[in-house]
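Notes follow once the structure below has been shown.
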Amino acid sequence: MSNLPRHRTVADVMTARVHVATPVTPFKILVRLIEENKISAIPIVDRQGKPVGIVSEADLLLKERRSELESATNLLHFRRQARDRAKAEGMVASDLMTTPPLSIGVDAMLTVAARLMQERNVRRLIVVDKNGRIAGIVSRSDLLQVFMRNDEDLRDEIVTKIIPAIIIDRPEEVGVEVRYNVVTLLGEVDRKSDSEILERLISEVDGVVQVLNVMSYRWDDSKARPATAIVGGSQLSAI
């Protein structure tokens, strides 16, 4: 199956040109970077270019709530309030940043990035190279780019790469229709397991929304007789 298409990685969709700041960057410069570049957060890096934190618009907006935060008291959220007060009084990036920042490697699969974002409820991840230096930023919208692939592109990848890798004999007997990135599999294959493998592999293709498998098969190999082995003169059935 070496001819199967490779899955896209974070490096394929990330924004490589990233505006960064250092821990000593003043508050006003951080605001300017965000406003002038139309971005929502600034990675903070050390002298080696390794991310040590991130400052978001939300962190900067705490400055507007200084008086409110000073008078607020809520025992249930005491730690959060103390942190927000400190950020509201912050003068430089090191006072304001969230640390450690969430990061992911350039070669990570898009599914891994999506899972991390959802589990940690964040909108973006800092992308780092093998040496831990910043290589880019990947956002939720970046991950959704794969679903912008057109139907013809998806069908071509399935027909020319995936089906021939699984169905060696008569791959042309498998029909493929793609509409709005939903794939319908038609035709007939020899074994039920071939149909199931095709469905699974195609569902993992970047950009596929769903696979509707209506293929028929000549042999239901899931009902094949269990294999037996001879051990000490007795037959044992594999379970």
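For what it's worth, our numbering labels the leading residue of the sequence shown as 75, then goes sequentially. Ideal placement from N, C-alpha and C gives every residue a C-beta, glycine not left out.
Neighbour-count burial assignment, residue i, 16 or more Cβ in a 10 Å radius
i: Arg91; result: exposed
i: Ile313; result: Per-residue confidence for Ile313 stands at a pLDDT of 44, beneath the threshold of 50, marking its modelled position as unreliable; the derived number appears in the next sentence. Answer is exposed; the Cβ neighbour count stays below 16.
i: Val87; result: buried
i: Arg80; result: exposed
i: Asp243; result: exposed
i: Phe221; result: exposed
i: Val279; result: buried
i: Val282; result: buried
i: Pro100; result: exposed
i: Glu193; result: exposed
i: Glu110; result: exposed
i: Glu231; result: buried
Residue j beta carbon less than 8 angstroms from that of residue i
i: Met165; j: Ile128; result: no
i: Arg82; j: Leu199; result: no
i: Ala95; j: Ala167; result: yes
i: Val180; j: Ala239; result: no
i: Val233; j: Val250; result: yes
i: Ile236; j: Val201; result: no
i: Ile113; j: His93; result: yes
i: Leu217; j: Ala187; result: yes
i: Val98; j: Leu134; result: no
i: Ile108; j: Glu131; result: yes
i: Val288; j: Ile276; result: no
i: Asp225; j: Val196; result: no
i: Leu136; j: Asp158; result: yes
i: Met191; j: Arg207; result: no
i: Ala156; j: Asp169; result: no
i: Val126; j: Thr173; result: yes
i: Leu259; j: Glu273; result: yes
i: Asn205; j: Leu228; result: no
i: Arg139; j: Ala115; result: no
CB contact check: residue i to chain B, cutoff 8 angstroms
i: Glu193; result: No chain B appears in the structure shown, which is made up of a single protein chain.
Delimiting residues of the beta strand (DSSP E) encompassing residue i
i: Ile232; result: Run containing Ile232: none; DSSP gives neither H nor E here.
i: Ala90; result: First-last for Ala90: undefined, no H or E at that position.
i: Ile24; result: Given a span of 75 to 313 for the chain in the structure shown, any question on residue 24 remains unanswerable.
i: Ser177; result: 177-179
First through last residue of the alpha helix (DSSP H) which encompasses residue i
i: Arg194; result: 184-194
i: Ala167; result: 167-170
i: Ile108; result: 101-111
i: Ser114; result: Note, Ser114: premise wrong, no alpha helix (DSSP H); not H, not E.
i: Leu135; result: 131-135
i: Leu217; result: 214-217
Residue i CB to nearest heavy atom of the ligand HEM below 7 angstroms
i: Ala85; result: Annotation note on the ligand HEM: not contained in the displayed structure, which lists no ligands.
* **Validate contact between the region 262-279 and the region 289-298 using beta carbons, cut 8 angstroms, 3 pairs** => yes
* May I have a chain-ordered list of the alpha helix (DSSP H) segments no shorter than 4 residues that lie completely inside the region 253-293? => 266-277
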